[in-house]
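Asks: In this note's numbering, the protein residues as written are 299 to 731. Heads up, the beta-carbon is just placed ideally off N, CA and C, and yes, glycines get one too. Here you go, one structure.
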């Protein structure tokens, strides 16, 4: 009965996404995009893994949070702007100009340099020295990855502080590769930038057997591509085409194979348990959130301890645990696998209560809606804000993205790029007119 009720509520969530799309006139609009993604994040576990427990109350809360983002997005879009809208032809001319491409290339080079320095630091920290050829020694790599994985979970190993700081350039590099796919015409240059921007995250993922580095870099790339599409095509931007759907399908297969290999390196052996872990990693978020909501007991508010765990840890105010939350729950996986992935909503609720979480998500919607309108009007300085919103949305089944200090630094790098793009190219050329 609870499964059927949860399914009906998830279908209602999909209807809300369609209503948001009709009202905002584009899937790229923040309210519609967030509603669409959470329709997928909710329906997929219910339909693909019916054994997983999904609480109707958890789905109702998700509907509330989705509506908060949607209403906030509508309010943000309706806010009046001081500056006049720039003609679409002029927006495209400036965004695709040589100066814009040179600025993008500069940031790509900087991010790649620091990205490969991060790889070197990681190689040295796991005992492989600074020789990049060690990455291609499969036997050595498998032994090292297994040892590092064990050490990480016993807190005997961590990436050096400098490596963690510089990893922000890897994430930002992913974003710039996403922008290049919209800004550049040459497929050759697009592929080169994409490959060189993703190799550092690929190497580190294999070395440390952690999925997060590669996935977050990928999410930054997708988010930047989405935001750049808004600049290029406005409300006419299409999220779904036949080619993109096919690409998503084949990319999913490739990633599945890749993470199977990563899990093999982590465990040091092969077995069905690998697929059990991948399944619960992909679909276990609603089940974990459901179990937590059902057992929730009002406690004193944490006021940012979980939402900004990285900053609290850096300041020595509260130690951030591996995975943010240490307690694991049984959500009904046939293998008995447990999970501690509670979505981005739990940190907000723990820190600021249900009402506070709803208000914060509304404010995020307002800011994202205003940034979306700014990009439609050619105010390119808001590019990093919309990228951040898409990153937050795509990572929200896992946790709140600003838990990680390296992500905050990556957003700051993107903000520098956005401001330089606006002041040195858009605003300068506007004054010349």
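Provide the residue span of the alpha helix (DSSP H) that contains residue 321, from first to last.
Replies: Run containing residue 321: 300-322, per the alpha helix (DSSP H) assignment.
Asks: Between which two residues does the alpha helix (DSSP H) harbouring residue 691 extend?
Replies: That run of the alpha helix (DSSP H) goes 681-693.
Asks: Is it buried or exposed for residue 595, if we count other Cβ within 10 angstroms and need 16 for buried?
Replies: Counting Cβ neighbours within 10 Å, residue 595 comes out exposed, since fewer than 16 surround it.
Asks: Could you tell me whether the stretch 515-532 touches the stretch 580-596, using the rule of 3 or more Cβ pairs below 8 Å?
Replies: No contact exists between the stretch 515-532 and the stretch 580-596.
Asks: Can you list the beta strand (DSSP E) stretches of 3 or more residues lying completely in the stretch 500-547, in chain order?
Replies: Fully enclosed beta strand (DSSP E) runs of 3 or longer: not present.
Asks: Do you know how far the Cα of residue 637 is from the Cα of residue 536?
Replies: Looking at the two C-alpha atoms, the distance is approximately 35 Å.
Asks: Specify whether the stretch 318-331 and the stretch 659-673 touch according to this definition: at least 3 beta carbon pairs, one from each stretch, less than 8 Å apart.
Replies: Contact holds: three or more Cβ-Cβ distances are below 8 Å.
Asks: What residue does the alpha helix (DSSP H) around residue 589 start on, and which one ends it?
Replies: Residue 589 -> alpha helix (DSSP H) spans 583-592.
Asks: Determine the burial state of residue 302: buried for a count of at least 16 other Cβ atoms within 10 Å of its Cβ, exposed for fewer.
Replies: Counting Cβ neighbours within 10 Å, residue 302 comes out exposed, since fewer than 16 surround it.
Asks: Helix, strand or coil for residue 595, going by three-state DSSP, please let me know.
Replies: Of the three classes helix, strand and coil, the one that applies to residue 595 here is coil, per DSSP.
Asks: Answer with buried or exposed for residue 472, where buried requires no fewer than 16 other C-beta atoms within 10 angstroms of its C-beta.
Replies: Buried, by the Cβ-count rule.
Asks: Going straight from the alpha carbon of residue 730 to that of residue 316, what length do you get?
Replies: Per-residue confidence for residue 730 stands at a pLDDT of 48, beneath the threshold of 50, marking its modelled position as unreliable; the derived number appears in the next sentence. So the two alpha carbons sit approximately 43 Å from each other.
Asks: Less than 6 Å between C-beta atoms, sequence neighbours within five positions excluded: which residues of the same chain meet that for residue 683?
Replies: Taken in chain order, the residues that qualify are 669.
Asks: Which same chain residues end up closer than 7 Å to residue 498 when comparing Cβ atoms and leaving out the 5 residues on each side of it in sequence?
Replies: Counting only Cβ-Cβ distances below 7 Å, and skipping sequence neighbours, we find 413, 414, 416, 417, 468.
Asks: Excluding sequence positions up to five away, which residues of its chain have a Cβ less than 6 Å from the Cβ of residue 592?
Replies: Contacts found: 353.
Asks: Short of 7 Å in beta carbon distance, which residues of its chain neighbour residue 394, apart from the five on each side in sequence? Order them along the chain.
Replies: Here the set comprises 481.
Asks: Does DSSP put residue 730 in a helix, in a strand, or in coil?
Replies: Because residue 730 carries a pLDDT of 48, less than 50, the predicted location of this residue cannot be relied on, and the following value inherits that uncertainty. Residue 730 falls in the helix class under three-state DSSP.
Asks: Determine the DSSP secondary structure at residue 636, reduced to helix, strand or coil.
Replies: In this structure, residue 636 counts as strand in the three-state DSSP scheme.
Asks: Residue 694 to residue 386, Cα distance in whole Å?
Replies: The alpha-carbon atoms of residue 694 and residue 386 are separated by roughly 33 Å.
Asks: State the start and end residues of the unbroken alpha helix (DSSP H) segment that holds residue 675.
Replies: First-last for residue 675: undefined, no H or E at that position.
Asks: So the alpha helix (DSSP H) residue 703 belongs to, where does it begin and stop?
Replies: Here the alpha helix (DSSP H) through residue 703 covers 703-718.
Asks: Quick check on DSSP: helix, strand or coil for residue 744?
Replies: Shown here, the chain extends from 299 to 731; a query on residue 744 therefore has no answer.
Asks: Roughly how many angstroms lie between the CA atoms of residue 624 and residue 604, to the nearest whole one?
Replies: Using only the alpha carbons, I get a separation of about 12 Å.
Asks: Residues in its own chain within less than 7 Å of residue 524 by CB, not counting five upstream and five downstream?
Replies: Excluding residues within five positions, the ones whose Cβ falls inside 7 Å are 326, 688.
Asks: According to DSSP, is residue 736 part of a helix, a strand, or is it coil?
Replies: With the chain running from 299 to 731 in the structure shown, residue 736 is simply not present.
Asks: If I measure Cβ to Cβ from residue 617 and keep anything under 7 Å in the same chain, skipping five residues before and after, which residues do I get?
Replies: The answer, listed in chain order, is 611.
Asks: Taking all protein chains shown into account, decide if residue 697 is buried (16 or more other Cβ within 10 angstroms of its Cβ) or exposed.
Replies: Classification of residue 697: buried, given that the 10 Å Cβ count is 16 or more.
Asks: State the CB to CB distance for the pair residue 351 and residue 629, rounded to an integer number of angstroms; the pair is presumed to be in contact (CB under 8 Å).
Replies: Between residue 629 and residue 351 the Cβ distance is about 5 Å, and since that is below 8 Å, they are a contact.
Asks: Measure from the alpha carbon of residue 372 to the alpha carbon of each residue in 359, 342, 328, 355, then state which is nearest.
Replies: Of the listed residues, the one whose Cα sits closest to residue 372 is 328.
Asks: Which two residues bound the contiguous alpha helix (DSSP H) that contains residue 469?
Replies: Its alpha helix (DSSP H) spans residues 459-481.
Asks: Pick helix, strand or coil for residue 424, following the three-state DSSP scheme.
Replies: In the structure shown, residue 424 sits in coil (DSSP, three-state: anything other than H, G, I, E or B).
Asks: Kindly indicate which three-state DSSP category residue 326 falls into: helix, strand or coil?
Replies: In this structure, residue 326 counts as coil in the three-state DSSP scheme.
Asks: DSSP three-state label for residue 333, please.
Replies: Residue 333: helix per DSSP, three-state reduction.
Asks: Can you tell me the Cα-Cα spacing of residue 410 and residue 490, whole angstroms?
Replies: If I take the Cα positions, the gap works out to 12 Å.
Asks: Can you tell me which of the three DSSP states residue 642 falls into?
Replies: Residue state, collapsed to three classes: coil.
Asks: Does the beta-carbon of residue 655 have 16 or more other beta-carbons within 10 angstroms, so that it is buried, or is it exposed?
Replies: Classification of residue 655: buried, given that the 10 Å Cβ count is 16 or more.
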